[in-house]
Amino acid sequence: MSRRGIPTILVVDDKFQDARRLAQGIGEKVANVIPRTPDTFTHTDLQSADLVLVDYELSDWDGARAGLTCPPNGLALSAVIREQVNQLPRGSVAGVALHSGKVEEIAGRLPVELRGFALARLNNLEWIFQKEDPNVTVGVLSLAHAIQHLPRPWPENTDKATLRLHQLLALDPSGDFFQTAAADVSACHPPIHELSESTHALAVIRWLAQRILPYPAFLTDTIGLAARLRLPEDQLKRLLNGSSKLATALRGVQYAGVLCDLYGPHWWRAGIDELAFRLTAGQGGLDRLQSALSGLAGRKLVFLGHEAVPAIDDSYRPHKLIAAGEALRLQPDDWPPFAGDAWASRELLAESPTLRGLVVPSDRDLLDSDA
Amino acid sequence: MPEGPVLCLGVSDLKQEIEAASKLASGFLSTEGQRRLEQAQYDFATAVAQPQTGFIWQVPREEPIWTKPSRAEYERKPGSTDQKGRGVLGAFSFSWHMRTGPKPVKEVFLTGNATSMLRLHDSESEEDTALSMWRMEVGAHDSPGCCFHTQVLGTKPHPPFPKSLPVPRLPVFPPTPMACLEFLLSELFQLRWSEEVQRGSQPANLWRGIQRRRLSSFLDWQLTTVEQSTGSPLVELKTFPNAEVLMGREKG
Chain A
1 MSRRGIPTIL VVDDKFQDAR RLAQGIGEKV ANVIPRTPDT FTHTDLQSAD LVLVDYELSD
61 WDGARAGLTC PPNGLALSAV IREQVNQLPR GSVAGVALHS GKVEEIAGRL PVELRGFALA
121 RLNNLEWIFQ KEDPNVTVGV LSLAHAIQHL PRPWPENTDK ATLRLHQLLA LDPSGDFFQT
181 AAADVSACHP PIHELSESTH ALAVIRWLAQ RILPYPAFLT DTIGLAARLR LPEDQLKRLL
241 NGSSKLATAL RGVQYAGVLC DLYGPHWWRA GIDELAFRLT AGQGGLDRLQ SALSGLAGRK
301 LVFLGHEAVP AIDDSYRPHK LIAAGEALRL QPDDWPPFAG DAWASRELLA ESPTLRGLVV
361 PSDRDLLDSD A
Chain B
1 MPEGPVLCLG VSDLKQEIEA ASKLASGFLS TEGQRRLEQA QYDFATAVAQ PQTGFIWQVP
61 REEPIWTKPS RAEYERKPGS TDQKGRGVLG AFSFSWHMRT GPKPVKEVFL TGNATSMLRL
121 HDSESEEDTA LSMWRMEVGA HDSPGCCFHT QVLGTKPHPP FPKSLPVPRL PVFPPTPMAC
181 LEFLLSELFQ LRWSEEVQRG SQPANLWRGI QRRRLSSFLD WQLTTVEQST GSPLVELKTF
241 PNAEVLMGRE KG
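See the structure below:
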């Protein structure tokens with residue numbers, strides 16, 4: 001547990017060289033990385049770690065053949081490590097994540113896009129990193145930083161717990177959209193009370209990683225932002241990479257709290273709405289908003305000619321914008337009840353019996369209608 | 001703020017009203033309609049976070065909240081399974097000019113135009129022409145007619161009901177945007193809407209409580225006005241109500 005400076009990451013791999021390689025990939029300047037094999041890590045290592053990163057495939061160490069009670073893979077070892085962490089003196093907090101190139105062995109039919117958070121949630125882990133992901137070191141660091149910044153102990157007082165949550169989320173109380181954003185956060189049932197106390201506040205990290213970032217709630221991802229602004233996604237990305245006043249304004253409402261690098265960029269929904277309110281001087285109106293956005297962008301933006309929603313496909317992740325009139329709402333498994341709707345195109349629903357079965361009951365009468 | 005008395009409404013009441021309406025109306029609206037209603041909810045929350053600021057809360061006429069088609073449900077009687085009749089879509093839009101109170105914002109004030117437009121369209125027709133249209137409005141303190149009134153058509157120069165002739169202003173209940181939406185849904189889906197709001201669900205309970213308080217307050221004012229009238233009670237009901245008539249506070 002590193003309270004100041006850089007986080008500490010314990011990497012457990014049956015192949016020591018692989019652990020070393022990952023440690024080098026993360027970089028000594030940004031984290032204190034301890035590479036270990038499953039039979040060499042110690043209580044001291046666990047006590048100093050913010051995050052324990054466990055390889056899934058553990059066949060190349062003596063313990064793998066030492067008997068039925070020895071963990072045969074990283075998933076089992078993670079459970080052992082979790083319990084070892086729980087036995088550490090009060091105040092020690094370490095998250096446990098899996099790092100694997102063979103996630104499909106435990107993923108079953110779960111789409112690749114869901115594995116990081118959904119599979120982790122099913123297996124009592126903070127996250128599952130896939131070795132082939134080019135951003136894996138950024139994600140590992142982001143998770144380790146988040147755990148490092150958890151208050152110890154988590155405050156029991158509700159007001160203080162809320163304040164600490166806002167600090168973790170980098171939600172500025174003096175900001176223009178604080179009030180609305182705070183209400184939005186509260187509506188997403190953050191586990192900041194008895195649950196966080198008993199789980200050393202890791203529950204907050206899991207809530208953010210597994211229930212907030214992957215879904216449209218008080219934060220929205222790039223495609224959600226494109227839908228809100230009615231901009232084609234590629235145009236929005238170009239704009240975000242630029243230096244216009246609009247890019248600056250959007251950066252002002254971009255999420256910059258813990259885990260901001262774990263699952264792509266996100267924006268405060270309340271921040272976007274407040275920006276739209278400000279740009280139209282409270283008068284609203286699509287024309288007024290689009291004119292103001294073009295003005296800030298310094299060029300005439302080409303907006304979508306229709307209201308758009310991010311549509312999911314068979315991976316259950318939003319993959320493109322479609323016209324709202326062409327979409328129906330779905331209820332995928334595990335979609336949080338506090339999150340915004342999941343949408344799919346009628347066209348895709350016509351082809352996919354699986355997705356058809358997920359259409360919300362009150363929209364089923366629209367499946368075959370023109371309405 | 002305009003000169004003279006203005007009506008005020010509770011922020012919490014309006015927030016809860018649209019939250020409940022959004023859930024209750026979900027099964028009666030098109031997917032676009034649901035999304036637009038949801039955005040209206042966010043827009044209101046954003047606006048009332050800014051103290052002492054003027055704003056327009058609206059769902060624009062060009063992108064209204066569309067209902068699902070009603071196939072003769074607008075005249076169905078209990079026990080009837082008759083599905084014959086013209087398929088009708090409702091289109092609901094509104095524009096309310098308001099100003100927020102001081103921080104912390106607990107009240108908003110109606111400072112100008114407050115109108116909701118309700119249109120009915122043939123669900124099978126390609127044409128965009130409305131079958132009917134009416135507006136439910138809140139008048140200013142010095143406007144003629146009842147403060148809460150309905151006008152038929154009145155947006156075009158030609159008869160019937162040309163723009164130049166703003167009568168009749170038919171008396172109506174306090175037409176908050178969500179109350180107007182309920183009116184539209186209860187007209188188009190006579191039985192189903194009634195069943196939806198009779199349920200013991202959380203949004204139905206919330207909705208009932210808000211509407212009961214607001215209507216009780218309004219009817220109390222009407223009753224008092226009638227009982228204390230010195231001229232014709234009908235004419236005196238056209239006077240501007242007290243500023244807090246829509247606050248709908250619990251009776252002590």
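Which chain is which? The protein sequence lines are A and B, in order.
Residue 189 in this note's numbering sits at position 189 of the first sequence; the count goes up by one each step and never skips.
Residue 52 in this note's numbering sits at position 52 of the second sequence; the count goes up by one each step and never skips.
Think of the CB as a built atom: it goes at the ideal place given N, C-alpha and C, for glycine as much as any other residue.
Because the structure is a prediction, the values reported are computed rather than measured.
Per-residue contacts from residue i into chain B (C-beta, under 8 angstroms)
i: A/D365; result: K68
i: A/F338; result: In chain order: nothing, as chain B lies at least about 13 angstroms away.
i: A/D334; result: What A/D334 touches in chain B: nothing, since even the nearest Cβ is about 21 angstroms away.
i: A/D273; result: Y42, D43, A45, T46
i: A/A183; result: A45
Residues bridged to residue i [DSSP beta-bridge criterion]
i: B/R99; result: B/G54, B/F109
i: B/L29; result: B/T67
i: A/G175; result: Partner(s): none; A/G175 has no beta bridge.
i: B/W134; result: B/L118, B/V152
i: B/Q34; result: Bridge partners of B/Q34: none, in fact.
i: B/V226; result: Its beta-bridge partners do not exist; DSSP assigns none.
i: A/H99; result: A/D55, A/F129
i: A/W267; result: A/T220, A/Q254
i: A/L10; result: A/I34, A/V52
i: A/Q73; result: Note on identity: in this sequence residue 73 of chain A is Asn, with Gln being the wrong assignment. Looking at the DSSP assignment, A/N73 forms a beta bridge with A/E57.
i: B/A49; result: For B/A49, which the question treats as bridged, DSSP gives no partner whatsoever.
i: A/A339; result: Partner(s): none; A/A339 has no beta bridge.
i: B/C146; result: Paired residue(s): none; B/C146 is not in a bridge.
i: B/L89; result: B/H121
Whole-angstrom C-beta distance between residue j and residue i, which should lie under 8 angstroms
i: A/A381; j: A/V12; result: The question about residue 381 of chain A has no answer, for chain A in this structure spans 1 to 371.
i: A/I384; j: A/L330; result: Within the shown structure, residues of chain A are numbered from 1 to 371, placing residue 384 of chain A beyond reach of any answer.
i: A/P7; j: A/Q148; result: 4 angstroms
i: B/F92; j: B/I56; result: 16 angstroms between Cβ atoms; not a contact.
i: B/A21; j: B/E182; result: 7 angstroms
i: A/T162; j: B/A45; result: With a Cβ gap of about 18 angstroms, A/T162 and B/A45 do not count as contacting.
i: B/L24; j: B/W207; result: 6 angstroms
i: A/H99; j: A/L150; result: Contact doesn't hold; Cβ gap of about 21 angstroms is too wide.
i: A/P111; j: A/Y316; result: 6 angstroms
i: B/W221; j: B/V245; result: 5 angstroms
i: A/V258; j: A/H145; result: 7 angstroms
Per-residue burial, residue i [other beta carbons within 10 Å of its own, 16 or more giving buried]
i: A/V302; result: exposed
i: A/D184; result: buried
i: B/H121; result: buried
i: A/P173; result: exposed
i: A/E194; result: exposed
i: A/H189; result: exposed
i: A/K29; result: exposed
i: B/G252; result: Because the pLDDT of B/G252 is 44, which lies under 50, any placement of that residue in the model is unreliable, and the question is left without a value.
i: B/T115; result: buried
i: A/R164; result: buried
i: B/V88; result: buried
i: B/E127; result: exposed
Amino acids of chain B, ordered along the chain, whose beta-carbon sits closer than 9 angstroms to that of residue i
i: A/G285; result: I56, Q58, P60
i: A/Q210; result: Those do not exist, as A/Q210 stays about 24 angstroms from chain B at its closest Cβ, beyond 9 angstroms.
i: A/S142; result: Ordered by position in chain B, no residue passes the 9 angstroms Cβ test against A/S142, which lies about 28 angstroms from the chain.
i: A/F177; result: T46, A49
Nearest to residue i (by Cα), restricted to the options the options
i: B/V108; options: B/N242, B/Q202, B/P51, B/E187; result: B/P51
i: B/E137; options: B/E127, B/G101, B/P144, B/Q151; result: B/Q151
i: A/V96; options: A/G252, A/D60, A/V80; result: A/V80
i: B/T239; options: B/K68, B/S123, B/T31, B/S229; result: B/S229
i: B/R213; options: B/S194, B/E244, B/L24, B/G248; result: B/G248
i: A/S243; options: A/N157, A/T40, A/L296; result: A/L296
i: A/P38; options: A/Q47, A/V30, A/K15; result: A/K15
i: A/D341; options: A/I9, A/E351, A/D363; result: A/D363
i: A/G116; options: A/A292, A/G264, A/S291, A/L366; result: A/G264
i: B/E19; options: B/T115, B/S30, B/Y42, B/T31; result: B/Y42
i: A/L286; options: B/G200, B/P241, B/Q58, B/Q16; result: B/Q58
i: B/A47; options: A/F338, A/L279, A/P89; result: A/L279
i: B/G112; options: B/T67, B/R71, B/C8, B/L219; result: B/C8
i: B/P177; options: B/P144, B/M98, B/A130, B/V235; result: B/M98
i: B/E3; options: B/S143, B/R86, B/L219; result: B/S143
Within chain A, partners of residue i - CB distance below 7 angstroms
i: B/E32; result: E307, A324, G325
Within chain B, the residues that residue i reaches when beta carbons sit closer than 7 angstroms
i: A/L328; result: T31
Under 8 angstroms by beta carbon: chain A residues contacting residue i
i: B/R35; result: E307, V309, A324, D341
Proximal residues of chain A, C-beta to C-beta of residue i below 9 angstroms
i: B/T115; result: Simply none; closest approach about 14 angstroms.
i: B/G90; result: Within chain A, no residue comes near B/G90; the closest Cβ sits about 11 angstroms away, beyond 9 angstroms.
is_contact[residue i, chain C] using C-beta, thresh 7 angstroms
i: B/G10; result: Annotation note: the requested chain C is absent from the structure, which comprises protein chains A and B.
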